[in-house]
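Following: one structure in structure tokens, then a few remarks.
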Amino acid sequence: MNSLIQKIKDAQRVNFDEALKLYELDLFTLGSLANSIRVKRWGKNSFFNINRHINPTNVCKDICKFCAFSASRKNPNLYTMNHDEILDIVKESEKRGVKEVHIVSAHNPDTGLSWYLDIFSKIKDKFPHIHIKALTAAEINFLACEYNHSYEEIIDMMIESGVDSMPGGGAEIFDEEVRDKICKGKVTSDEWIEIHRLWHKRGRHSNATMLFGHIEERKDRIDHMMRLRNLQDETDGFNAFIPLVYQRENNFLNVKNFLSSSEILKTMAISRIVLDNIPHLKAYWVTSTMNLSLVSQEFGADDLDGTIEKESINSAAGAKSAKGVGLNEFVSLIKNSGFKPIERDSLYNEIKAW
Ligand code: SF4
């Protein structure tokens, strides 16, 4: 173990077996290794943005077992917003200083392709300075299959409509066996990777997520990280890695044992070590709680996402902290935890040091 610790201190890349072995380290040694990488890159800066999540429909033709958001599962409250409703949300958010809208939907086969795409040009027309982060690789795969387009064609339409960057959702866990059990039928791992590759080839950026804490094993998490690291070596298009903690309520996965906080923190720290080519590690407070996200800053995380305002996907699955947080409170929380709150834009350019 000592030689592995030294290897990390020397900033050498770890392989699959070494990454897996890191789980055997005690939490604080692991945290300190990840923290030293974070401090070398970002000092005590903790990034966030002022953003608004919008989930325009929960009608979905897919049936992911972990999902509590889709109306076709346990949630009987089906909805689909029209474009005016979405524009009203953006207008109100803009008044409150929101600089990014993060738009992610379920896979609704009844709306037509233009419902998905035209909203972006409408937002850009009215609010040209707002960054649009929209359409996960899972949604792109759905739109391509449903409307008989190639991924390239959908990506070109997104760019033409004004989408600036892609969120990292739909990655879940790449291991095919686990993926078959939790979200069979949705975008495959290879397709997810290919869609991000194509997006990056257009000179665009995206994020990458990993859903963990359900039926996957530690080795599956490392495998997931390795596949992302390989793509990043090739394209350099990912801005941030976002480990998402599985939420256990209102879904059909029936996971009995919930992850301990120390396992969550170890996974954060290991991802900071393994993903040496992805600049930012995000502690997404909606799924890990605000408190644990603040602690994650000591375990490699340098980004706390944003104020979010309203989130529907994880709150449907029981996330207790999914309702947004005020800007002043957010800034105080970061400061009181000993870090420097840096407001950023969606591509990590600094806007203001608070
Ligand atoms: S996770 Fe997404 S694709 Fe899967 S059922 Fe839920 S809304 Fe549909």
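In terms of numbering that gives the first Met the number 0, the sequence shown is residues 0 to 353. A virtual CB, placed ideally from N, CA and C, is assigned to each residue, including glycine. Small disclaimer: the values here were computed from a predicted structure and weren't measured.
Within 10 Å of its beta-carbon, does residue i have 16 or more other beta-carbons around it, so buried, or fewer, so exposed?
{"i": "Q5", "result": "exposed"}
{"i": "F15", "result": "exposed"}
{"i": "E84", "result": "exposed"}
{"i": "F65", "result": "buried"}
{"i": "R95", "result": "exposed"}
{"i": "C144", "result": "exposed"}
{"i": "H128", "result": "exposed"}
{"i": "A133", "result": "buried"}
{"i": "N48", "result": "buried"}
{"i": "G168", "result": "buried"}
{"i": "S113", "result": "exposed"}
{"i": "S28", "result": "The question names Ser, but residue 28 in the sequence shown is Thr. The residue is exposed, with fewer than 16 neighbouring Cβ atoms inside 10 Å."}
{"i": "D124", "result": "exposed"}
{"i": "S320", "result": "With a pLDDT of only 49 at S320, under the threshold of 50, the placement of this residue in the model should not be trusted; the figure read from the coordinates follows. It is buried - the Cβ of S320 has at least 16 other Cβ atoms within 10 Å."}
{"i": "G42", "result": "exposed"}
{"i": "S261", "result": "exposed"}
{"i": "D232", "result": "exposed"}
{"i": "E297", "result": "buried"}
{"i": "P166", "result": "buried"}
{"i": "F68", "result": "buried"}
Indicate the three-state DSSP secondary structure (helix, strand or coil) for residue i in the structure shown.
{"i": "S320", "result": "With a pLDDT of only 49 at S320, under 50, the local geometry of the prediction cannot be trusted, and the value read off the model is given with reservation. It is coil, neither helix nor strand."}
{"i": "E349", "result": "strand"}
{"i": "L19", "result": "helix"}
{"i": "R343", "result": "strand"}
{"i": "S260", "result": "helix"}
{"i": "V254", "result": "coil"}
{"i": "L112", "result": "helix"}
{"i": "F141", "result": "helix"}
{"i": "D61", "result": "coil"}
{"i": "F119", "result": "helix"}
{"i": "H286", "result": "For the sequence presented, residue 286 should be read as Thr rather than His. Here T286 sits in helix by DSSP."}
{"i": "L274", "result": "coil"}
{"i": "S149", "result": "coil"}
Which residues share a DSSP beta bridge with residue i?
{"i": "R51", "result": "V100"}
{"i": "G30", "result": "Paired residue(s): none; G30 is not in a bridge."}
{"i": "I131", "result": "V100"}
{"i": "F237", "result": "S205"}
Segments assigned alpha helix (DSSP H), at least 4 residues, entirely inside the stretch 155-232: 175-182 and 188-200
At least three beta-carbon pairs within less than 8 Å, the stretch 263-278 to the stretch 213-231: yes
Given 8 Å, three or more beta-carbon pairs between the stretch 189-202 and the stretch 262-269: no
Cβ contact check for the stretch 79-93 and the stretch 335-346: 3 or more pairs under 8 Å: no
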